[in-house]
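Enquirer:
Protein chains: 2
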Amino acid sequence: MYFMARTPTTSDAFNAVAEPQRRRIIDLLASGERSVNDIAAALKMRQPQVSKHLKVLREVGLVSARGEGQHRLYSLNSEALRPIYEWVSPYEKYWRESYERLEQLLGRLQSQLSADDRENPTDPVAH
Amino acid sequence: MYFMARTPTTSDAFNAVAEPQRRRIIDLLASGERSVNDIAAALKMRQPQVSKHLKVLREVGLVSARGEGQHRLYSLNSEALRPIYEWVSPYEKYWRESYERLEQLLGRLQSQLSADDRENPTDPVAH
DNA sequence: ACATTATATTCCTATATGGGAATATGTCAA
DNA sequence: TTGACATATTCCCATATAGGAATATAATGT
């Protein structure tokens with residue numbers, strides 16, 4: 006294939022959850038099974054749009070539908086989020102480490118300041 | 006605005022990392038600063054494409070460039086991945102829980118089987 | 001000034017959206 | 001069968017790609 010445009014949303018979970026509305030749907034389904042109209046009402050979306058998003062989510066295995074009856078109950082398959090978690094979670098330690106460095110620095114600055122205060126105290130309520 | 010097409014890749018980190026090549030760039034930068042050509046060589050990509058991807062990553066704050074000189078050294082700002090981590094990590098417990106349930110079930114099945122064996126032993130090597 | 005090297009930008013094009021609107025399909029109940 | 005309701009699909013359209021190729025811009029060394 007000569008032309009490779011933007012990766013389709015159905016190519017993997019990363020692309021599927023890039024769309025904010027689909028993340029809202031996933032978040033809603035985390036609390037349990039829901040019908041299409043339930044989802045549409047809860048998220049204030051139109052039914053066809055919800056159906057279309059659910060189709061994308063189904064194609065990447067993020068949700069599955071139970072019951073071919075009048076209502077179709079969609080449920081979350083959180084396992085499909087695993088590749089995202091496994092890719093991103095190793096990075097968590099980086100910002101946690103830099104936060105801890107900041108905390109330590111702040112602690113050192115504070116003890117430095119109180120040492121200065123004892124040597125050269127200033128009146129907290131200047132008149 | 007009347008028409009809202011697919012969310013731009015520069016709208017947030019979710020959309021930026023949906024592209025696999027950009028994830029490769031991020032993974033490479035995790036090991037330290039790199040110049041554009043370094044990245045292109047390491048990942049076997051063409052330089053203009055790398056520059057374009059870096060532009061997207063810059064616009065969402067995922068990388069920053071140091072030095073306006075001949076070489077520009079790009080470095081990762083992992084903090085920008087935090088929204089992704091914070092969105093996805095609560096789901097980790099779901100599949101861990103279902104894994105633990107499977108493990109427990111397997112354990113119960115195994116002890117059940119050994120109990121059956123003691124009551125009704127079978128020859129492991131039937132001739 | 002000039003060549004060299006590094007990086008960024010522009011133009012091109014096939015593809016893929018996502019929402020609105022309308023419609024089709026499917027299922028149940030009387 | 002005929003409604004009534006739930007869900008899926010189709011068409012439209014403006015927007016946004018991502019890579020290839022060529023070119024522009026920028027900084028450095030001699």
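As they're listed, the protein sequences go chains A and B.
Take any residue in the first sequence, note its place counting from 1, add 5, and you have its number in the working numbering.
Take any residue in the second sequence, note its place counting from 1, add 5, and you have its number in the working numbering.
In this text, a Cβ means the ideal position worked out from N, Cα and C, and glycines have one as well.
Note that this is a predicted model, so its numbers are computed, not measured.
If distances are taken between C-alpha atoms only, which option among B/102, B/48, B/37, B/81 comes closest to residue 82 of chain A?
Expert: For residue 82 of chain A, the nearest C-alpha among the options comes from B/102.
Enquirer: Please decide whether residue 22 of chain B counts as near chain A, where near means a Cβ-Cβ distance under 8 Å.
Expert: Yes - at least one Cβ of chain A is within 8 Å of the one on residue 22 of chain B.
Enquirer: Within this structure, are the beta carbons of residue 62 of chain A and residue 41 of chain A separated by less than 8 Å?
Expert: Going by C-beta atoms, residue 62 of chain A is not nearer than 8 Å to residue 41 of chain A.
Enquirer: For residue 18 of chain B versus residue 65 of chain B, is the C-beta distance shorter than 8 Å?
Expert: Their beta carbons are under 8 Å apart, which means residue 18 of chain B touches residue 65 of chain B by this criterion.
Enquirer: Check whether the Cβ atoms of residue 30 of chain B and residue 44 of chain B lie closer than 8 Å to each other.
Expert: Yes. Within cutoff.
Enquirer: The region 74-98 of chain A: which residues have C-beta closer than 7 Å to a C-beta of chain B, in chain order?
Expert: Cβ contacts with chain B: 83, 84, 86, 87, 89, 90, 92, 93, 94, 96, 97.
Enquirer: Rounded to whole angstroms, what's the CA-CA distance from residue 93 of chain A to residue 118 of chain B? Just pull it up for me.
Expert: C-alpha separation (whole angstroms): 41 Å.
Enquirer: Could you check whether the Cβ of residue 30 of chain A sits closer than 8 Å to any Cβ belonging to chain B?
Expert: Judged by the 8 Å Cβ criterion, residue 30 of chain A is not in contact with chain B.
Enquirer: Would you grab the beta carbon distance between residue 87 of chain B and residue 100 of chain A for me? Rounded to a whole angstrom, and I think it's under 8 Å.
Expert: With 8 Å as the limit, residue 87 of chain B and residue 100 of chain A qualify as a contact, their Cβ atoms being about 6 Å apart.
Enquirer: Note down, in chain order, every chain A residue with its Cβ under 9 Å from the Cβ of residue 19 of chain B.
Expert: Those are 19, 22, 23, 24, 25, 28, listed as they occur along chain A.
Enquirer: Just the C-alpha distance for residue 79 of chain B and residue 38 of chain B, rounded to the nearest angstrom, thanks.
Expert: Residue 79 of chain B and residue 38 of chain B: Cα-Cα distance of roughly 5 Å.
Enquirer: Please compile the residues from chain A whose C-beta is within a distance smaller than 8 Å of the C-beta of residue 12 of chain B.
Expert: Ordered by position in chain A, the residues that pass the 8 Å Cβ test against residue 12 of chain B are 23, 24, 25.
Enquirer: What's the C-alpha gap between residue 91 of chain A and residue 69 of chain B?
Expert: Spanning the two alpha carbons is a distance of roughly 24 Å.
Enquirer: What's the C-alpha gap between residue 13 of chain B and residue 108 of chain B?
Expert: Looking at the two C-alpha atoms, the distance is approximately 42 Å.
Enquirer: Measuring CB to CB, does residue 26 of chain B end up less than 8 Å from residue 50 of chain B?
Expert: Their beta carbons are under 8 Å apart, which means residue 26 of chain B touches residue 50 of chain B by this criterion.
Enquirer: Is residue 67 of chain A buried or exposed, if buried means 16 or more other CB atoms sit within 10 Å of its CB?
Expert: Under this definition residue 67 of chain A is a buried residue.
Enquirer: List the DSSP bridge partners of residue 39 of chain B.
Expert: Looking at the DSSP assignment, residue 39 of chain B forms a beta bridge with B/79.
Enquirer: Is it right to say residue 22 of chain B is buried, meaning 16 or more other beta carbons lie within 10 angstroms of its own, or is it exposed?
Expert: Buried, since its Cβ has 16 or more Cβ neighbours within 10 Å.
Enquirer: Need the endpoints of the alpha helix (DSSP H) that residue 63 of chain B sits in, please.
Expert: Segment 52-64, the alpha helix (DSSP H) holding residue 63 of chain B.
Enquirer: I'd like the span of the alpha helix (DSSP H) that includes residue 93 of chain A, first residue to last.
Expert: That run of the alpha helix (DSSP H) goes 87-93.
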